[in-house]
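Each remark here refers to the structure printed beneath this line.
Residue numbers (full-length UniProt numbering): 1 to 294.
Now the structure itself:
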């Protein structure tokens, strides 16, 4: 289905008005036809939900889900088999769940902010000298109020890529503003932004994820060499990547996640000791440093 056909399908469904019209007609043939037609339209819409949705599109799909629920109730109340529509409502819910989980209101506000668009325009070099000092002040306030806090809610590759592109434009704009950054505040602000972005990237690392979600007994620890190799990789990650961020007072990690990683790491270390007593204390160094921090 093309983008145009997809939008037309969604637009047609949004014209359904269960508050004013009962689609479960008392004429059985008409009701069955309505049920079949609506089911087909909904299935087409569900099968072609885009991989990215704007705020307006998410709102439209939310409205569609609500109206479908009302229509399903109409058919059920009039003794029709509403299972086909119910299945499509469930399928739609599953398709929309990632958007519900991943888009935090602060991220929406950040990317919809007027200054975000302004950064894109000014990074091309269209800047008047009398704008510079005011713009630097606006950028620093934007960093503190929106960009830095938003970094902690980026949970998908798409959001991280969008933030990466915005940071590239900010760095390019900073180069234009460097001659007017007399106190170095903009330089410091951009360095802080990049630092928070790198911390977010680090939390998407597979080692971070695996430690955060580790369950006792979930690994095969029979191979000594593989255990040593895994422990070495974990230590490298902890001591060279995670802990330096935790030592930085500007970075605000999730205490809940860090504590959880500590306990999961303790569990894994205990399992290694039980299985391979000679090489079991491989994670002690990371554990000791982490324990001091929490």
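We treat Cβ as the ideally placed atom computed from N, Cα and C, and that holds for glycine. Source: prediction; values computed, not measured.
Asked                                                                                                                                                                                       : Found
Suppose you measure from the CA of residue 11 to the CA of residue 88; what does that come to, to the nearest Å?                                                                            : 17 angstroms
Just tell me which of 198, 137, 70 and 167 has its CA closest to the CA of residue 17.                                                                                                      : 70
For residue 105, report the span of its alpha helix (DSSP H) as first-last.                                                                                                                 : 105-112
Measuring straight from C-alpha to C-alpha, what distance separates residue 47 and residue 108?                                                                                             : 25 angstroms
Apart from the five residues just before and just after residue 189, which ones in its own chain have a Cβ nearer than 6 angstroms to its Cβ?                                               : 140 and 143
Suppose you measure from the CA of residue 261 to the CA of residue 242; what does that come to, to the nearest Å?                                                                          : 11 angstroms
Thinking residue 207 and residue 233 are a contact (beta carbons under 8 angstroms), I'd like their distance in whole angstroms, please.                                                    : 7 angstroms
Go ahead and label residue 94 buried or exposed: buried means 16 or more other beta carbons lie within 10 angstroms of its beta carbon, across all protein chains shown.                    : exposed
Under 8 angstroms by Cβ, that's how I've got residue 236 and residue 271 pegged, so tell me the actual separation to the nearest angstrom.                                                  : About 20 angstroms; that fails the 8 angstroms criterion.
Relative to the C-alpha of residue 201, which residue among 253, 53, 114 and 40 is closest?                                                                                                 : 253
Is DSSP giving residue 262 helix, strand or coil here?                                                                                                                                      : helix
What three-state label does DSSP hand residue 378 in the structure shown?                                                                                                                   : The requested residue 378 does not occur in the structure, where the chain is confined to residues 1 to 294.
Return the chain-ordered list of same chain residues with a C-beta closer than 8 angstroms to the C-beta of residue 20, the five sequence neighbours on each side being excluded.           : none
If I measure Cβ to Cβ from residue 49 and keep anything under 8 angstroms in the same chain, skipping five residues before and after, which residues do I get?                              : 61, 92, 95 and 96
Give me, in chain order, the residues of the same chain whose beta-carbon lies closer than 8 angstroms to that of residue 286; leave out the 5 immediate sequence neighbours on both sides. : 234, 235, 238, 239, 243 and 265
Please classify residue 74 as buried or exposed, where buried requires at least 16 other C-beta atoms within 10 Å of its C-beta.                                                            : buried
Among 282, 43 and 154, which one has its Cα closest to the Cα of residue 231?                                                                                                               : 282
Give the C-beta separation of residue 14 and residue 64 to the nearest angstrom, bearing in mind that I take them to be a contact with Cβ-Cβ under 8 angstroms.                             : 6 angstroms
Given a cut-off of 8 angstroms, decide if residue 198 and residue 149 are closer than it, judged by their beta-carbon atoms.                                                                : no
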